[in-house]
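Enquirer: Handing you this structure, nothing more for now.
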Amino acid sequence: MYREERSNMVKMQVLLYPAVNIAGRETEFFHGMNPEKYHCSKKHEKVIKTMFSMMSGMMGGQAGSNMLEEVYLQGRLEKEHIYASPLLDDMHDLPPTLLLFGEHDFLVFEDFAYARTLQKAGTALKMVVYREPALPIRLAWAPG
1 MYREERSNMV KMQVLLYPAV NIAGRETEFF HGMNPEKYHC SKKHEKVIKT
51 MFSMMSGMMG GQAGSNMLEE VYLQGRLEKE HIYASPLLDD MHDLPPTLLL
101 FGEHDFLVFE DFAYARTLQK AGTALKMVVY REPALPIRLA WAPG
């Protein structure tokens with residue numbers, strides 16, 4: 001939207017634990033969720049591998065159904081659209097970006113890929129990776 005409107009009103013985008021590849025497609029820097037490439041301490045290894053296994057199934061792995069697509073898009077937008085999967089965009093002419101996510105988040109692989117793609121496009125980037133096993137930020141959700 002930022003580029004299409006050409007208003008130049010957006011000075012920065014802040015992405016907090018984002019899902020940036022609902023389509024789950026491979027890109028230059030994203031090659032799927034691979035827990036074997038995930039480095040964690042022995043203390044957290046069992047929990048992390050269980051989480052990745054569970055989330056892989058929910059993300060279209062063995063289950064064939066993509067939880068993020070169903071929850072976020074609800075049939076209103078194609079999962080390959082760049083608003084749903086911005087990692088699939090070439091990311092030209094985007095505002096500076098603040099990207100925050102956790103090293104133990106199941107979306108960590110796509111978030112790192114998003115950061116690398118932003119850098120390749122020449123977008124100013126500040127990245128914060130939380131190094132705790134659980135989400136350090138508690139977001140309140142109130143049913144509407």
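Using UniProt numbering, read the sequence shown as starting at 1 and increasing by one per residue. Every residue, glycine too, gets a C-beta built ideally from N, C-alpha and C.
Looking at the unbroken alpha helix (DSSP H) that takes in Lys120, where does it start and where does it end?
Expert: Boundaries of the alpha helix (DSSP H) around Lys120: Val108 to Ala121.
Enquirer: Compare the beta carbon distance of Tyr114 and Val10 with 8 Å and say whether it is the shorter of the two.
Expert: no
Enquirer: So, at 7 Å on beta carbons, what are the nonlocal neighbours of Phe29 in its own chain, with the 5 sequence-adjacent residues on each side left out?
Expert: Ala113, Arg116 and Thr117
Enquirer: Do Ala121 and His92 come within 8 Å of each other at the CB atom, strictly closer than that value?
Expert: yes
Enquirer: What whole-angstrom Cβ distance do Arg131 and Glu103 have, given they're in contact under 8 Å?
Expert: 5 Å
Enquirer: How many angstroms separate the CA atom of Met127 from the CA atom of Leu98?
Expert: 6 Å
Enquirer: DSSP on Val129, reduced to helix/strand/coil?
Expert: strand
Enquirer: Among all the DSSP beta bridges, which residues are the ones paired with Leu99?
Expert: Leu15 and Met127
Enquirer: Just to confirm, is the Cβ distance from Met12 to Pro86 under 8 Å?
Expert: no
Enquirer: Here's the rule I'm using: 16 or more other beta-carbon atoms within 10 Å means buried, otherwise exposed. How should Leu16 be labelled?
Expert: Counting of Cβ neighbours within 10 angstroms places Leu16 among the exposed residues, the total staying below 16.
Enquirer: Going by the CB atoms, is the gap between Arg25 and Leu73 shorter than 8 Å?
Expert: No; because the gap between Cβ atoms is not below 8 Å, this pair is not in contact.
Enquirer: With a Cβ-Cβ cutoff of 8 Å, do Phe101 and Val129 count as a contact?
Expert: yes
Enquirer: Of the choices Gln119, Glu69 and Glu70, whose alpha-carbon is the least far from that of Asp90?
Expert: Gln119
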